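In this note's numbering, the protein residues as written are 1 to 931.
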């Protein structure tokens with residue numbers, strides 16, 4: 001092929017790779033492994049736009065590079081194919097979500113293959129495939145059959161807990177479990193019925209059923225995660241969302257809070273990402289304090305505080321509106337106000353409540369709590385800035401030491417009691433340890449912070465009014481959704497208690513339903529299934545698992561995706577172990593990544609996997625932003641006869657700026673015919689344009705790529721026009737991988753010209769083959785080896801954009817030297833193959849190598865003598881006669897010169913197997929080898 005034809009070349013090699021399974025990988029203990037993983041996509045109906053492949057291109061470049069460096073690389077792809085969008089489409093159309101999901105996946109695979117990614121498609125997984133979610137259900141079962149032993153600091157089979165109960169009761173058991181579990185002895189345990197014993201174990205298991213405050217969306221008929229709620233409405237559909245207490249399956253992730261924190265110091269993630277997780281987990285050292293409720297015997301408000309030393313400054317308390325005590329302690333006089341406030345709170349998401357630090361609102365319950373240290377009564381309020389699921393759902397308010405408490409006290413006219421010496425205003429724990437003492441503060445009057453703390457905690461514990469505690473902001477994760485399109489929870493109910501399906505009964509597959517909506521009585525869509533019962537008599541769980549279930553372990557399934565006996569074989573897991581490089585977006589910092597780490601630690605505890613952390617290195621690629629174009633319509637009272645003025649002239653008129661489809665624009669010049677054809681309710685003949693130099697110039701703005709802004713660019717269109725290799729190079733050339741950068745189709749021409757210049761090193765304009773076997777010059781070798789060094793360093797540091805620049809400089813310099821030598825071009829082809837796999841496969845075959853062997857070739861090594869700026873050409877004498885001249889860096893040590901001389905092919909020929917008697921290196925003069 002003498003003419004560069006990207007579509008023909010790319011289709012040819014994509015077909016070759018698929019037919020020959022070029023990128024298929026096997027477990028091979030004889031070779032070092034490297035596991036590169038992309039966060040697998042949800043297959044939406046819109047397909048990919050040019051922003052989506054950026055991370056995939058970067059990970060593919062690195063995968064191909066590591067193969068060339070001798071690694072056995074696992075680089076798979078699959079689909080997170082359960083989700084709300086497919087279900088909503090099913091509700092609207094009546095079409096089963098599996099059908100649209102299958103169609104969307106087929107579209108994604110087509111687009112991904114068109115970009116030349118080196119995925120091992122034989123390992124593809126889909127979370128909605130029963131063969132996959134069988135193992136998601138199995139892991140759920142293992143969690144259900146496990147408890148967390150704080151003494152050993154790990155999860156253990158439930159059988160070890162039962163053995164402890166049998167031997168000692170629960171007095172010595174240190175477990176992550178429900179609160180307020182009564183103490184019992186071994187004898188008590190033995191007298192319980194089997195059902196009573198089982199019921200008790202439900203309070204200890206790592207997955208359990210509980211009442212939880214959730215984001216309930218009546219319009220969608222389901223619970224939503226915080227990520228799916230924005231400004232009090234569902235992100236999808238814009239339906240109102242309210243806070244509601246519902247019976248839900250939960251995951252006891254809080255048992256792993258400290259290990260999740262500790263593990264962050266062992267992994268190569270960005271500091272910002274690790275800090276997000278630390279803040280989300282939120283470790284706090286403090287104390288639990290019990291406040292009695294006045295005139296309500298037996299009712300206690302528990303609070304957790306990191307500043308027990310401020311207890312004498314408490315002037316009011318605040319409960320979450322959902323707190324269980326609110327209904328019990330609210331007086332008749334305050335009932336209407338409290339109920340109105342609670343209704344108001346239901347319309348706000350937790351995220352909105354947490355983010356709003358300015359609004360002051362609340363309502364008085366009419367009740368008073370009693371400070372255990374001074375017996376003073378303080379009013380009890382409710383306010384939506386306190387959340388039921390965080391801590392105890394109650395706070396003791398110290399307005400003299402907290403800005404939000406001060407705002408609240410000022411707003412409601414509540415007292416503010418100073419508790420610290422005026423010489424020091426203590427705001428943080430660190431400040432408190434420096435100076436100042438407490439005044440008018442009971443037993444700690446006159447003490448410093450460090451002196452006061454142990455006194456107060458000792459008093460709390462001695463008087464059974466509290467205790468010292470380490471607390472975490474992290475809450476147990478809600479693990480059920482009232483939806484159809486998700487993994488069925490493998491549980492049935494007998495006598496109201498949940499029982500796990502046996503492993504041999506898995507997968508529990510989704511049943512057929514007549515509609516994908518809740519039932520008339522409010523049950524989830526699975527309640528519509530007919531005759532769907534375990535053993536024809538026991539009801540199955542009607543909620544399904546959340547979207548993060550299948551994505552919390554999927555990297556292990558890639559290791560052995562066809563295994564029918566286990567989620568992956570121990571042989572495969574022992575070899576691949578963990579993910580060496582994970583590529584994905586920052587939006588998953590406190591969702592997917594946190595849950596994945598939790599599940600991985602659990603699987604490690606139970607002996608199923610060898611590593612504590614799943615992802616060694618994580619890179620967040622930046623977003624490719626859209627380049628929006630605008631037309632300017634002159635404001636007029638004739639809507640059917642619009643006049644559009646070019647951007648440079650718009651200031652002369654009163655205009656409205658309107659987004660225009662970027663596919664109707666080239667180099668910011670509007671294609672008038674395409675634009676007129678796109679207008680609705682307007683005749684093309686009635687449209688007028690005021691032009692600049694005969695052209696309509698559009699306005700430009702950088703925005704998020706979105707269909708609503710008409711700035712989405714389909715990669716298929718770019719590939720069709722320029723080829724996938726050009727797109728791959730251009731996306732990397734746009735800027736640093738981890739930074740956001742604007743897409744500009746106008747700039748892709750430069751990358752396309754580079755590709756064609758590269759082709760011209762091999763073929764002339766009239767199609768003649770130019771490559772020769774001539775020896776390269778020193779200048780040509782210098783250009784090549786500097787490029788090898790630069791590209792290798794840039795890929796290793798993930799600086800993909802600067803490597804593209806190095807390629808461009810190299811090709812320009814070789815072109816100016818009219819270099820067409822195989823010794824140079826051979827290495828350059830291998831060097832570029834990670835970025836542009838199609839054109840390099842074509843040229844590698846043209847150089848005479850067997851088709852398909854490029855991916856198993858060796859990454860070229862750069863030589864210092866060709867990279868160093870200061871080089872000396874050493875004459876090499878053998879028994880006094882110069883036989884060859886070899887360039888070395890001028891500052892190279894004699895020992896290294898000697899080593900390289902003895903390895904040179906000409907010297908070896910003259911030695912003829914003999915060992916030299918002496919080697920004399922005269923720096924910057926000569927080398928003499930005496931045989």
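Even for Gly, the Cβ is constructed at its ideal location relative to N, Cα and C.
Nothing here was measured: the structure is a model prediction, and the numbers come from that model.
For residue 5, count neighbouring Cβ atoms within 10 angstroms of its own Cβ and tell me buried if that reaches 16, exposed if not. So residue 5 counts as exposed.
Mind checking residue 865: buried by the 16 CB within 10 Å criterion, or exposed? That one is buried.
List, from N- to C-terminal side, the alpha helix (DSSP H) runs of 4 residues or more that fit wholly inside the region 657 to 692. Runs found: 672 to 678.
Between which two residues does the alpha helix (DSSP H) holding residue 453 run? Start and end: 449 to 462.
Taking only runs of the alpha helix (DSSP H) that begin and end inside the region 4 to 77, which ones reach a length of at least 4 residues, in chain order? Entirely contained in the region 4 to 77, the alpha helix (DSSP H) runs reaching 4 residues are, in chain order, 6 to 20, 53 to 68.
Take residue 276 and list the residues in its own chain whose beta-carbon comes closer than 7 Å to its own, dropping the five residues that flank it on each side. Once the five neighbours on either side are set aside, the close Cβ partners of residue 276 are 589, 590.
As an exercise, report each continuous beta strand (DSSP E) stretch of at least 3 residues that is fully enclosed by the region 170 to 242, in chain order. The qualifying runs are 207 to 217, 222 to 224.
Consult DSSP for residue 544 and reduce its assignment to one of helix, strand or coil. In the three-state reduction of the DSSP assignment, residue 544 falls in the strand class, which pools E and B.
What does residue 268 pair with, by DSSP beta-bridge criteria? According to DSSP, which records beta bridges pairwise, residue 268 is partnered with 617.
Contact belief for residue 322 with residue 388 at Cβ below 8 Å, rounded distance in angstroms: About 4 Å; that satisfies the 8 Å criterion.
Determine the closest residue to residue 612 out of 86, 166, 263, 733, with distance taken between C-alpha atoms. The residue with the shortest Cα to Cα distance from residue 612 is 263.
Please determine if the region 53 to 73 and the region 92 to 108 are in contact, where contact requires at least 3 C-beta pairs separated by less than 8 Å. Under the three-pair Cβ rule at 8 Å, the region 53 to 73 does not count as touching the region 92 to 108.
Extent of the continuous alpha helix (DSSP H) run through residue 330: Counting along the chain, residue 330 sits inside no alpha helix (DSSP H), nor does DSSP assign it H or E at all.
Residue 583 bridges to which residues according to DSSP? DSSP, once it has assigned bridges, lists 38, 619 as partnering residue 583.
Same chain only: Cβ atoms within 8 Å of residue 164, ignoring 5 sequence neighbours per side: Taken in chain order, the residues that qualify are 170, 172, 173.
Length-filtered (4 minimum) alpha helix (DSSP H) runs lying within the region 733 to 765: Within the region 733 to 765, the complete alpha helix (DSSP H) segments of 4 residues or longer fall at 748 to 760, listed in chain order.
Which class does residue 699 belong to by DSSP, given the choice of helix, strand or coil? In this structure, DSSP gives residue 699 an extended state, which the three-state scheme calls strand.
Can you tell me the Cα-Cα spacing of residue 26 and residue 123, whole angstroms? Note on geometry: alpha-carbon atoms of residue 26 and residue 123 lie some 10 Å from one another.
Would residue 162 and residue 213 be called neighbours here (beta carbons separated by less than 9 Å)? Remark: C-beta atoms of residue 162 and residue 213 do not approach each other more closely than 9 Å.
Check whether the region 215 to 224 and the region 486 to 497 touch, using three or more Cβ-Cβ pairs below 8 Å as the test. These segments do not touch.
Are residue 762 and residue 751 closer than 9 Å when you measure CB to CB? Their beta carbons are not under 9 Å apart, which means residue 762 does not touch residue 751 by this criterion.
The beta strand (DSSP E) that contains residue 877, what's its start and end? Segment 871 to 878, the beta strand (DSSP E) holding residue 877.
Is it a yes or a no for the region 245 to 255 touching the region 352 to 361, going by three-plus beta-carbon pairs under 8 Å? No, because fewer than three Cβ pairs between the region 245 to 255 and the region 352 to 361 fall closer than 8 Å, the two stretches do not touch.
Segment limits, beta strand (DSSP E) that includes residue 319: Note, residue 319: beta strand (DSSP E), 316 to 319.
Identify the residues that DSSP records as bridge partners of residue 154: which are they? Its beta-bridge partners are 149.
For residue 812, three-class secondary structure by DSSP: Note: residue 812 maps to helix in three-state DSSP.
Counting pairs of beta carbons, one from the region 827 to 841 and one from the region 715 to 734, are three or more of them closer than 8 Å? Touching, yes, given that three or more Cβ pairs across the two stretches are closer than 8 Å.
Is residue 779 a contact residue of the ligand MN, with contact defined as CB to any heavy atom under 8 Å? The model depicted lacks the ligand MN and carries no ligand whatsoever.
From 678, 330, 342, 317, residue whose alpha carbon lies closest to that of residue 396: Out of 678, 330, 342, 317, 317 has the C-alpha closest to the C-alpha of residue 396.
Who does residue 437 pair with in a DSSP beta bridge? The beta-bridge partner set that DSSP reports for residue 437 is empty.
Using 9 Å as the limit for Cβ to Cβ distance, is residue 197 near chain C? The structure shown contains no chain C, having only a single protein chain.
Using the Cβ count rule (16 or more neighbours within 10 Å means buried), how would you classify residue 560? Result: buried.
Pair every Cβ in the region 380 to 387 with every Cβ in the region 335 to 353, then say whether three or more of these pairs are closer than 8 Å. Touching, per the Cβ criterion.
Contact between the region 566 to 582 and the region 536 to 556 is defined here as three or more beta-carbon pairs at a separation below 8 Å; is this criterion met? The region 566 to 582 and the region 536 to 556 touch, with no fewer than 3 CB-CB distances between them shorter than 8 Å.
Using DSSP with H/G/I as helix, E/B as strand and the rest coil, what is residue 366? Of the three classes helix, strand and coil, the one that applies to residue 366 here is strand, per DSSP.
If you count every other CB in all the chains shown that lies within 10 Å of the CB of residue 467, and 16 or more means buried, which is it? When all chains shown are included, residue 467 counts as exposed.
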